[in-house]
Each structure stands twice: as structure tokens, then as C-alpha cells.
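Protein sequence lines, in the order shown, are assigned to chains A and B.
Numbers in the working numbering are just positions in the first sequence, counted from 1, shifted up by 10.
Numbers in the working numbering are just positions in the second sequence, counted from 1, shifted up by 59.
Report on one structure; see the data block that follows.
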Amino acid sequence: MTYTAPTRPRRLRRLFTPWALVAPAALWLLVFNVWPSINTIVLAFTNAKPLGGGHFTGLDNFARVLSDGQLADALLNSIVFMLVCLPLLTVLPLLLAILVEKKIPGIAFFRTAFYTPVVASAVVVALIWSWVLSDRGLVNGFAQWLGIIAEPVPFLTERWLLVFSAISLTVWKGLGYYMIIYLSALGNVRRELHEAAAVDGAGPVRRFWNVTVPGVRNTMLLVSVMVAVSALRVFSELFVLSNGTGGPGGRAQSVVMLIQMYSRGFYGHFGYASALSIVLLVITIGPMLLLLRLNRKAA
Amino acid sequence: MPDVTARAETGHHAVTAERPGPKAGPGQGRHAGRARRRAGFGTAGPGELVLRYSLLVLVLVLLISPFLWQLSTSLKSLHEDIFTGAPSFLPEQPTLDNYVRVAETIPVWSYALNSLIVAVIVVLGNAAGATLAGYALARLRFRGAKLLLVGFLATLVLPGEVTIISQYITVRGFGLADTLLGVALPGAIGMLNVLLMRTAFQAIPQEMDEAAVIDGATPWQRLIHIGLPNVRGMLSVITIFAFIGAWDDFLWPLIVLNDPENFTLTVGLQYLNGTFTNNPRLPAAGTMISFIPIVILFASLQRFFFRGVEEGAIKG
Chain A
11 MTYTAPTRPR RLRRLFTPWA LVAPAALWLL VFNVWPSINT IVLAFTNAKP
61 LGGGHFTGLD NFARVLSDGQ LADALLNSIV FMLVCLPLLT VLPLLLAILV
111 EKKIPGIAFF RTAFYTPVVA SAVVVALIWS WVLSDRGLVN GFAQWLGIIA
161 EPVPFLTERW LLVFSAISLT VWKGLGYYMI IYLSALGNVR RELHEAAAVD
211 GAGPVRRFWN VTVPGVRNTM LLVSVMVAVS ALRVFSELFV LSNGTGGPGG
261 RAQSVVMLIQ MYSRGFYGHF GYASALSIVL LVITIGPMLL LLRLNRKAA
Chain B
60 MPDVTARAET GHHAVTAERP GPKAGPGQGR HAGRARRRAG FGTAGPGELV
110 LRYSLLVLVL VLLISPFLWQ LSTSLKSLHE DIFTGAPSFL PEQPTLDNYV
160 RVAETIPVWS YALNSLIVAV IVVLGNAAGA TLAGYALARL RFRGAKLLLV
210 GFLATLVLPG EVTIISQYIT VRGFGLADTL LGVALPGAIG MLNVLLMRTA
260 FQAIPQEMDE AAVIDGATPW QRLIHIGLPN VRGMLSVITI FAFIGAWDDF
310 LWPLIVLNDP ENFTLTVGLQ YLNGTFTNNP RLPAAGTMIS FIPIVILFAS
360 LQRFFFRGVE EGAIKG
């Protein structure tokens, strides 16, 4: 055996360098992800509050979850949110992607412009919406001017109108985001198939159904799961549109708004907020796992 | 809307979130070539061109006009009636008055500075932390690597909002409640970004590394001379989105910050909204102060982003 083991300092360095490189990220993983996850579960069984508390209270928080009318409202809002967003944000961005796919002059400008609502903060967009939809805003003002309505439509002060306003905002803001995902997927649809179909006399509509849609079927599934998850996690849109109130009687809130509400102030209750967080985890974990699997398959 | 500071506002982050797939393997560049070839297929006739451009302009109006409307409102003087049924799209006498007055109402410029401070910390943290860890996970073998990787991947199925309360308690435990550092810290190394950088480093052909090893290069030298020049695309995508994510974030700073002095721009704007329902010109000016910098930033860096899209940095 002529092979000699690496000298000691070298071996040390081989062990040391990788860990030196990953140490910051590993620390972040532990401190800001692993530990808070464990702590969420622990806190859910206590009455911890911003000031004091912290005694073990068994299943009290979960019993409260089951009888919480606000949570029931929030879950219903989320389901409606999801059911409306799902078809719109699965289909419209695909059509948009097809529109911007062909590299005609100026297309880079249009792609960037269509992505603008995505890079704007949800707060900015919701503030614009709340001006446009307010009692004296553009939509009501114009409709009254035309004489379609006599009284302003209470877009921001009626529960379901508020939810639907937030949905329209979400769809509008999400179009460009999912468009980009489809755009990237369209690049993988075999061009030969399009050409062959065209030679066989298939028009654009038939090519869409018979070539494009099957080609991006996995992406459509991926997008729809992403839309579903983000609908369950909605916060800023509803919060800002309702001016932090959650609408009349707080009935237009989302689950995340409830979590935020219990994070501070007089009603602050870390224990109950943690139980709500676990509810959020339970309703999102299925789609999230599916998402991860779809991603790995796509990769 | 999924997000990169991994702070789960995840809206945009999720864009890049698409591919935590651990096995991306080399050769993502292929898509670029394919995309280029596609452009030639069925060159558009004049009729099709007219149709395409009309539709493009229609969508453009739908997606951009609300911003322009807000910009216009922010430039309208107090004398101009903005509540009529058919208000003018262009301000009659454009004025910057509202920008001055919004700054007298809330310290909007120091809020902008606060947002900038948070965003810069997040960008620097991610550029350094995610790059180093991504490189080690992709290119170096060490004990515990598998376990770490599982840890990073596991965070992806956990919506950020689920742990946000406990994260706040952690940050408060460090004495960082109500501070900008407390806002910036948790997102300063995004777990997703670590995975994205790892994927980018994996795409570098193994032979390049092996040759350098034979030449006696240390891991650091290999990272700097072989690794970094080959992951610029991904690095620019994650830093762009780290910045945008931190600048736009709302829920987390809303939870962490209490003192109006420390507010970031998004939190301050929401506060402004509640106060001035009678004069929408001021919130309009405030939103433009938040919106314009991020649009300029994105517009000037968009080619890196869209190149990343073509190279498969974002994938469905």
C-alpha cells in the first residue's frame, strides 16, 4: 500500500470547511425554522400571552378552535376564495402565456409590464383597490354617473362583497406570476407536435386543446395547487381592504388574520394563536406535500 | 402567492419556489436553445400580428391602468374634484404637493429608509449565506449533509405563517422585538434560496471541479473561481426576489414593529389609509413612494429575471 492518509491538518480542514460554509444557514434553519416549529406545537397546549401566562392548559385551545365562530367564518371565506380563484388563476395565466410566448417585437416590454402587479406590494395594490372601490371611488362614481346604480355598492363594507373584492385583487395580481410559470413550461412543449398538427390542418383552437393543454397538464396541476395554498394563506389583501377590521363584525377575516390578531395587544394570546397556526398547517399540508412532489417530478 | 426571504408572503418568492427539486442535474441551458427555435415557427402573418398586439394592449391596459390611475390621483391638486363620476385621467394641474403633505403627515421618507435597511440586510444575508451553504451542499461531501438537506426541504412544506407567532417569540427573546434587525433577521437566509443555489451549483460539470482538485485548489478557491462565475444567473434571481420580498412584506413587520418610528413603508401606508379616507390623494402619493422604486428596480433587472426563466430557474 503506497497510499498515505491525508495529513492531520488537511483532514481537519476537509471536515471543517464544509461546516464553516453551511454553518450560517444551518443556524438559521435551527433558530428560525426548527425551533419555532417545535415551539408552535408546545405553545398550542398553553395559555401563553404577550405578557405572562404560559401554563399548560391541555386541549383547551383546541376545544376553543372547535367552537370558534370567527374561525368558522374564516374557513368559509377561504373555501370561497379558493373555489373562485382556482379556475380563474389556472386558466387565464395560461392564455396570457400563450399570448406573450411568441417573440414579436416589443414582447419583452409586455412581459415585464404584465409582471408589474406581481412585484408591487400587496399593500400597495390593496390601497389602490380600496380607493377605486370606495363609496366615492372610480367604480361607484362612474356607475352612478351612468345611472346604473342609485346608491354606491358597499364593496368594502359588506362581507361577501369584501371577500370578492379581495378575490378580484388576488386574481389581478396573480396573473403575471402564474403566466411566467406557464411561459417556462410552454418552452418544453414539443414544437414538432405543433407543426405536425398544423400540417394536419388543426386550427389554433384545436392545437390548444390537443397539443398545448396535454403538454402543460402537469404545470396546470402545479399551478392549481399553488393557487389553492395561497388562497388559504391570504392575509394582506383582506386586511388592507377592510382597513384591518376584517369587515363588518370581523366576518370577512382569513385564518392568518386571526393568527395576527392574537399575536399582540389586549387580546393577544400566543397559545391560541399557535393552535390556529396548527389548524392552518393541517389544511395546507396536503396541498404543500403534493406541491413538493410535483416539483420534484418536474425537475 | 408564494416568496425568497422565505418569509412566506411568498408571493413572488414562490416564483423561484418552483424548483426545490434536488436533482436538477446539468443541462438546463437546453431550454434556452429550444425557446429560440420556437420563435421561428409559423411566422405571424399581418392578421395574426394585429390580433396579437390588440390583445396585448388590452391586457396591458387592464393590468397597468390602476397604477396609472393612482399616480394620477397622487398628482392632482386639492382644487381638482376627484370624486366626480367622470374624473379626468390626467391631472389638470399636476403638482407634487401631495408628496410634501404626506411626508408631513407620516414620516414616509424615514419609513422608506427603514424598508431599504431591512431589504439590504436581507439581500446581503441571502447572497452570502445561501451561496456558501448551497455550494457546500452541492459540491462538498461531509457528515450530516443529508440530514441538513432534509431539514431545508422540510421547511418548504411549512407555510411561513404557521410558525410566525413562534418566530416572533424567538425574535422577542433576542431582545429584537420592535427593531428593524428583528424584521430582517429571520429572512436573512432563506431556506428556499439555499436549495436554489445548491441546484445552480450542481449544474456545473463535475469535471471542472475535479480538475481543480487535482491542481490542488482548496474548496474556497473552487467556490470563487469555478463556482461563482457559473451561478450568476441564479444569484441575481434570488437577490432580486430577496429585495422585492423584503420591501413588499407586510405581515411580519406588522407583527414585529410597534413604535410608529420604526415602521417600514408597507406598515406605515396601511396606517395612513385608516387616517385619510377623505383625501385619497395622500395615500396615493404614499403608495407611489413604495411602488415606483420597486418597479424601476425590476424593470432595470428584468432581463436577468427573464433569462433565468428561460434557463429553467423558474420551472413548472
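Idealized CB from N, CA, C, for every residue including glycine.
- Cβ neighbours of leucine 117 of chain B within its own chain (closer than 7 Å, five residues either side excluded): none.
- When DSSP assignments are scanned along the segment 116 to 162 of chain B, no uninterrupted stretch of alpha helix (DSSP H) that is 4 or more residues long falls wholly within it.
- Only residues of its own chain outside the window of five on either side were considered, and among them Pro127 have a CB closer than 7 Å to the CB of tryptophan 182 of chain A, listed in chain order.
- Within the model, the alpha-carbon separation for leucine 110 of chain B versus proline 214 of chain A is close to 13 Å.
- As for any alpha helix (DSSP H) of minimum length 4 sitting wholly inside the segment 61 to 105 of chain A, the runs are 70 to 76, ordered along the chain.
- Collapsing the DSSP output to three states places threonine 190 of chain B in a helix.
- The C-beta separation of glycine 278 of chain A from proline 60 of chain A comes to about 4 Å, placing the pair in contact by the 8 Å criterion.
- Using a Cβ-Cβ cut-off of 8 Å, phenylalanine 357 of chain B is close to Thr122, Tyr125, Thr126 and Val129 of chain A, given in chain order.
- The CB of proline 125 of chain B comes closer than 7 Å to the CB of Ile138 and Val142 in chain A, given here in chain order.
- Assignment of beta-bridge partners to threonine 229 of chain B by DSSP yields no partner.
- Following the DSSP letters along the chain, one finds proline 115 of chain A in no alpha helix (DSSP H), marked with neither H nor E.
- If the five residues before and after arginine 231 of chain B are omitted, its C-beta is found closer than 7 Å to no C-beta atom of its own chain.
- Close partners of valine 149 of chain A in chain B (Cβ separation under 8 Å) are lacking, with about 11 Å as the shortest Cβ gap.
- Arginine 200 of chain B has a beta carbon lying within less than 9 Å of a beta carbon in chain A.
- Contacts with chain A at 9 Å (Cβ-Cβ) include alanine 145 of chain B.
- Two segments are said to touch when three or more pairs of C-beta atoms, one from each, lie closer than 8 Å; by this definition the segment 32 to 47 of chain A touches the segment 243 to 250 of chain B.
- Chain B has a Cβ within less than 9 Å of the Cβ of valine 250 of chain A.
- Put simply, of A:Arg274, A:Val244, A:Ala132 and A:Gly275 the residue whose alpha carbon is nearest the alpha carbon of glutamine 263 of chain A is A:Val244.
- Across the structure, isoleucine 117 of chain A and alanine 123 of chain A are spaced so that their CA atoms are roughly 10 Å apart.
- Glutamate 168 of chain A: not part of any alpha helix (DSSP H); DSSP gives it neither H nor E.
- When beta bridges are read from the DSSP output, threonine 56 of chain A appears opposite A:Phe66.
- Boundaries of the alpha helix (DSSP H) harbouring valine 250 of chain A: 246 to 251, taken from the DSSP string.
- Closest in alpha carbon position to leucine 248 of chain A, among A:Gly79, A:Asp70, A:Val32 and A:Ala136, is A:Ala136.
- In this structure the segment 217 to 232 of chain B lies against the segment 42 to 57 of chain A, because at least three pairs of beta carbons, one per stretch, are closer than 8 Å.
- For alanine 195 of chain A and proline 297 of chain A, the gap between their C-alpha atoms comes out near 21 Å.
- Under the Cβ distance rule, arginine 362 of chain B counts among the residues neighbouring chain A, one pair being separated by less than 9 Å.
- Per DSSP, phenylalanine 152 of chain A is one residue of the alpha helix (DSSP H) stretching across 148 to 156.
- Its Cα nearest to that of phenylalanine 174 of chain A, the residue A:Val90 stands out among A:Val90, A:Asp145 and A:Leu185.
- Neighbours of leucine 215 of chain B in chain A, taken as residues whose beta carbon is under 7 Å from its own, are Leu302 in chain order.
- Against chain B, a Cβ distance below 8 Å from methionine 298 of chain A picks out Leu215, Val216, Leu217 and Pro218.
- With contacts defined as CB atoms closer than 9 Å, glycine 281 of chain A and alanine 58 of chain A qualify as a contacting pair.
- Taking a 10 Å sphere around the C-beta of glutamate 111 of chain A, we find 16 or more other C-beta atoms and assign the residue as buried.
- Annotation: the continuous alpha helix (DSSP H) that includes glutamine 261 of chain B extends over 250 to 261.
- Take the alpha-carbon of leucine 316 of chain B and the one of serine 287 of chain A: they are about 20 Å apart.
- In chain A, no part has a C-beta under 9 Å from the C-beta of tryptophan 168 of chain B; the shortest such distance is about 17 Å.
- For glutamate 161 of chain A, the three-state secondary structure derived from DSSP is coil.
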